[in-house]
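J.: Below is one structure. I have some questions about it.
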Amino acid sequence: MPKSLHRLSVLAGLVSLLLTATSPATPVAPPAAQMDRDLFEVTIPQLQQYYATRKYTVTQVVQWHLARIHRYNGIYRALETLMESSALATAAREDQEPAAGVRGPLWGVPMVIKANTSIQGEPTTDGWAGFTIRGHELIAPRDASIVAKLRAAGAVILGHTNMPDFANSDTNRSSSFGRTGNAYDVRFSPGGSSGGTVTAVTSNMAVLGNGTDTGNSIRMPSATSGVIGVFPTRGLVSIAGIAPLDWLLDNTGPIARNVTDAAIALSVMAGSDPLDPRTSEAATRAQSGPYTRYLNKDALRGKRFGVPAFVLQGIGIPFHGVPAAVPDNLAVKQAVEQAIALQPATRAAFMKAVEELRAAGATVVIDDSILPESFAWSATRVATYPYVREGFDLFLQHFGPAQYHSTAEYSRVVGMPVGAPVIGTEPLNAQFGDISIRQASIESDPQAEANYFGPRQRTLETYLQTMDRLHLDGYVYPAIQMPPVDETMPQDGRVSEGPHSATSWVNMLGVPAVVVVGGLYPGGLPFGLEFSARPWQDGELLGYAYAWEQATHHRHPPALVDRGLLPDVPE
99 MPKSLHRLSV
109 LAGLVSLLLT
119 ATSPATPVAP
129 PAAQMDRDLF
139 EVTIPQLQQY
149 YATRKYTVTQ
159 VVQWHLARIH
169 RYNGIYRALE
179 TLMESSALAT
189 AAREDQEPAA
199 GVRGPLWGVP
209 MVIKANTSIQ
219 GEPTTDGWAG
229 FTIRGHELIA
239 PRDASIVAKL
249 RAAGAVILGH
259 TNMPDFANSD
269 TNRSSSFGRT
279 GNAYDVRFSP
289 GGSSGGTVTA
299 VTSNMAVLGN
309 GTDTGNSIRM
319 PSATSGVIGV
329 FPTRGLVSIA
339 GIAPLDWLLD
349 NTGPIARNVT
359 DAAIALSVMA
369 GSDPLDPRTS
379 EAATRAQSGP
389 YTRYLNKDAL
399 RGKRFGVPAF
409 VLQGIGIPFH
419 GVPAAVPDNL
429 AVKQAVEQAI
439 ALQPATRAAF
449 MKAVEELRAA
459 GATVVIDDSI
469 LPESFAWSAT
479 RVATYPYVRE
489 GFDLFLQHFG
499 PAQYHSTAEY
509 SRVVGMPVGA
519 PVIGTEPLNA
529 QFGDISIRQA
539 SIESDPQAEA
549 NYFGPRQRTL
559 ETYLQTMDRL
569 HLDGYVYPAI
579 QMPPVDETMP
589 QDGRVSEGPH
599 SATSWVNMLG
609 VPAVVVVGGL
619 YPGGLPFGLE
629 FSARPWQDGE
639 LLGYAYAWEQ
649 ATHHRHPPAL
659 VDRGLLPDVP
669 E
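According to our numbering, numbering within the sequence shown proceeds without interruption in unit steps and concludes at 669.
Okay, structure coming up:
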């Protein structure tokens, strides 16, 4: 061999040895059965320990979750858009990062994002076929604010989860993708509108996800599916980049299998954002993080919780409220028609949970004076529907595609209107007798004080004054008024539109709430228990949830099926 080639060969060998010495060795993948044991129901702290000890790479963990999606998503249809290539690219990049480097709190955590939440370069379907029309897709020009934060913390995004059109349903059927089934029994509803996220998380297709909530849409699906759903104080987390159903009621928060993971995720998502003015107070009013610091197994001991009387009585509060221009008799009619009775099975499950709360050291006060019918009536007049179009136009202005930046531009370009729920033309909410509710800007509407600001302030005062009068630390109540519904059977003579809750007042007030696994119904479907607290007491609230979780250990993962319920039919 010529001397020059010999020298090059030696040099190449030295470089190879140097790279081997400085590059992290890729762990050999353990047997599949061991990975299943380690990663099924894995928590974020456990996952970070696996990475720290180099038991698994991020790529191996992501591939394990992708395999579950490929196996089960055809049956449960939790994910509408799978972003496999980008997820694997993110995992590979993180695997190449120095082991001694600074890692974010969600580094290497596979998670899913609801389909109304913008991911740069991907379609924000919002569950609606109209945003998937070829050539007119709503392609996000940039990430939603929370997606940017989650990425910066190291999360690996697996895809967008299914949701009903515009998030405007208590079940999870979309015109863009179809139906999502409950992981505990695919025939049953997972609830809406975050039904895709709860199904993915409870099924171990992802460790974590985000939900959005306009009237119950994080909390009610979490209740059906045995997971933790967090509704933060409105203003703690930015909703910029999330297609709104009603921007005055909307919120976003984490969905997880345990409270610790939810607290870690909320710590990442929280904070001020110039694109969402309601977050301007977060820096000064929010409890300091990280929220894991509030997780104490004895947090329930000595605490007092009240049970809202109107929830137990099944008294209705109309979604979006009723504007001031509508006379009382029509407002009462709307409230009565939207009332949802508390079903006996749910009442029994709740009363059992009350006893468990008391056993954990809490006092639970049940009294007809605690948020009675008058509270529900006050909340009925918190009217937001006159302003829904303004919110959607603001979203399109900042997060719409190049073709259209308002609902009017969409109609002109595509030749059809955006859906009635987000432009304010639903007959149920836009017409009361001969009174038409016109869309307006809340900043300039002379009726804004009578419609929204005044009733909201009075209702919040009642909420807080009741806590002061009875020395309450929070409220506790069923997250939904009924068990998950069987969607193969008619409900009230028609295809199911539920299950339903009586919790939209939480959105009207913007107070924090969390749903925990409250137990199981006799048939094996989960029951969800909800706590709410004072504004900006999100850490304390998560402490209550954690103490409940540690005292009860009610979560049991679902047993999934990987084929249809009907036998194969020969051709």
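Each residue gets a CB set at the ideal place from its N, CA and C atoms; glycine is no exception. Every value quoted in this text rests on a predicted model; they were computed, and no experiment measured them.
Could you tell me which uninterrupted alpha helix (DSSP H) segments, each at least 4 residues in length, are contained entirely in the region 300–324, listed from first to last along the chain?
T.: 317–322
J.: Which residues mark the beginning and the end of the alpha helix (DSSP H) in which R592 is found?
T.: Counting from one through the sequence shown, the residue named residue 592 turns up at place 494. Element bounds for R592: n/a, residue is neither H nor E.
J.: Does DSSP put S183 in a helix, a strand or coil?
T.: The residue you call residue 183 lines up with position 85 of the sequence shown. S183 carries a helical assignment under DSSP once its states are collapsed to helix, strand and coil.
J.: With a cut-off of 8 Å, do at least 3 Cβ pairs link the region 282–292 to the region 550–565?
T.: no
J.: Less than 8 Å between C-beta atoms, sequence neighbours within five positions excluded: which residues of the same chain meet that for P125?
T.: On the sequence shown, position 27 is the one that residue 125 refers to. Contacts found: R152, K153, Y154, T155 and Q158.
J.: Please confirm whether L627 and G616 have their CB atoms less than 7 Å apart.
T.: Numbered from 1 along the sequence shown, position 529 holds the residue referred to as residue 627. Numbered from 1 along the sequence shown, position 518 holds the residue referred to as residue 616. Taking 7 Å as the Cβ cut-off, L627 and G616 qualify as a contacting pair.
J.: Going by the DSSP bridge assignment, what does H258 pair with across the sheet?
T.: Stepping through the sequence shown from its first residue, residue 258 is reached at position 160. DSSP, once it has assigned bridges, lists T179 and I211 as partnering H258.
J.: For the alpha helix (DSSP H) containing S467, name the first residue and the last one.
T.: On the sequence shown, position 369 is the one that residue 467 refers to. Segment: none, S467 is in no alpha helix (DSSP H) and carries neither H nor E.
J.: Hey, M580 and Q441: beta-carbon distance below 7 Å or not?
T.: Here residue 580 corresponds to residue number 482 of the sequence shown, with the count starting at 1. Here residue 441 corresponds to residue number 343 of the sequence shown, with the count starting at 1. For M580 and Q441, yes; Cβs fall inside 7 Å.
J.: Whole angstroms are fine: how far does the CA of I142 sit from the CA of Q501?
T.: Here residue 501 corresponds to residue number 403 of the sequence shown, with the count starting at 1. Here residue 142 corresponds to residue number 44 of the sequence shown, with the count starting at 1. Q501 and I142: Cα-Cα distance of roughly 40 Å.
J.: Give the list of continuous alpha helix (DSSP H) stretches no shorter than 4 residues that lie fully inside the region 572–645.
T.: 602–607
J.: My output table needs one value for N270: the three-state DSSP class, helix, strand or coil.
T.: As a working mapping, residue 270 is identified with position 172 in the sequence shown. If DSSP states are grouped into helix, strand and coil, N270 belongs with coil.
J.: How big is the Cα-Cα spacing for T322 and N302?
T.: The residue labelled residue 322 in the question sits at position 224 within the sequence shown. The residue labelled residue 302 in the question sits at position 204 within the sequence shown. Spanning the two alpha carbons is a distance of roughly 16 Å.
J.: Can you list the beta strand (DSSP E) stretches of 3 or more residues lying completely in the region 351–409, in chain order?
T.: 402–405
J.: Would you kindly work out how many angstroms separate the C-alpha atoms of A447 and E454, rounded to a whole number?
T.: Taking the sequence shown and counting its residues from 1, the one referred to as residue 447 is at position 349. Taking the sequence shown and counting its residues from 1, the one referred to as residue 454 is at position 356. Approximately 11 Å, taken between the alpha carbons.
J.: On a Cα-Cα basis, can you pick out the residue from S267, L398, V463 and A253 that is closest to A671?
T.: Outside the shown range of the chain, which is 99 to 669, sits residue 671, and nothing can be said about it.
J.: Look at the Cβ atom of A477, then the Cβ atom of T557, and state whether they are nearer than 7 Å.
T.: Your numbering for residue 477 matches position 379 in the sequence shown. Your numbering for residue 557 matches position 459 in the sequence shown. Going by C-beta atoms, A477 is nearer than 7 Å to T557.
J.: According to DSSP, is I217 helix, strand or coil?
T.: To locate residue 217, count along the sequence shown from 1; it is residue 119. Correct three-state label for I217: coil.
J.: My assumption, with CB atoms under 8 Å, is that G489 sits in contact with D344. Please give the rounded CB distance.
T.: Your numbering for residue 489 matches position 391 in the sequence shown. Your numbering for residue 344 matches position 246 in the sequence shown. At roughly 7 Å, the Cβ-Cβ gap stays under 8 Å, so G489 and D344 are in contact.
J.: Does S121 come out as helix, strand or coil in the three-state DSSP assignment?
T.: Here residue 121 refers to the residue found at position 23 of the sequence shown. The predicted model places S121 with a pLDDT of 44, which falls under 50 and marks its position as unreliable, so this point remains unresolved.
J.: Which residues mark the beginning and the end of the alpha helix (DSSP H) in which V452 is found?
T.: Taking the sequence shown and counting its residues from 1, the one referred to as residue 452 is at position 354. Run containing V452: P442 to A457, per the alpha helix (DSSP H) assignment.
J.: Please list the terminal residues of the continuous alpha helix (DSSP H) segment that includes G497.
T.: Numbered from 1 along the sequence shown, position 399 holds the residue referred to as residue 497. Here residue 497 turns out to be Phe, not Gly, going by the sequence shown. Looking at the DSSP string, the run of the alpha helix (DSSP H) that includes F497 is V486 to F497.
J.: Would you tell me roughly how many angstroms separate the C-alpha atoms of V207 and R166, rounded to the nearest one?
T.: If you number the sequence shown from 1, residue 207 lands on position 109. If you number the sequence shown from 1, residue 166 lands on position 68. Those two C-alpha atoms are separated by around 15 Å.
J.: Counting pairs of beta carbons, one from the region 175–182 and one from the region 377–395, are three or more of them closer than 8 Å?
T.: no
J.: Span of the alpha helix (DSSP H) holding G552?
T.: Locating residue 552 in the sequence shown gives position 454, where the first residue counts as 1. G552 to L568 is the span of the alpha helix (DSSP H), which, as asked, contains G552.
J.: Tell me whether N349 sits in a helix, a strand or coil according to DSSP, three-state version.
T.: Working through the sequence shown from its first residue, we reach residue 349 at position 251. Looking at N349 - three-state DSSP - the assignment turns out to be coil, as it is neither helix nor strand.
J.: Between the region 234–248 and the region 264–275, do at least 3 Cβ pairs fall closer than 8 Å?
T.: no
J.: What three-state label does DSSP hand S114 in the structure shown?
T.: As a working mapping, residue 114 is identified with position 16 in the sequence shown. With a pLDDT of 37 at S114, under the threshold of 50, the modelled position of that residue is not reliable, and no figure is offered here.
J.: Among all the DSSP beta bridges, which residues are the ones paired with Q529?
T.: Your numbering for residue 529 matches position 431 in the sequence shown. DSSP lists S534 as partners of Q529.
J.: Alpha carbons only, please: which of A281, Q218, P262 and F403 is nearest the one belonging to D571?
T.: Numbered from its first residue, the sequence shown carries residue 571 at position 473. With distances taken between Cα atoms, D571 lies closest to F403.
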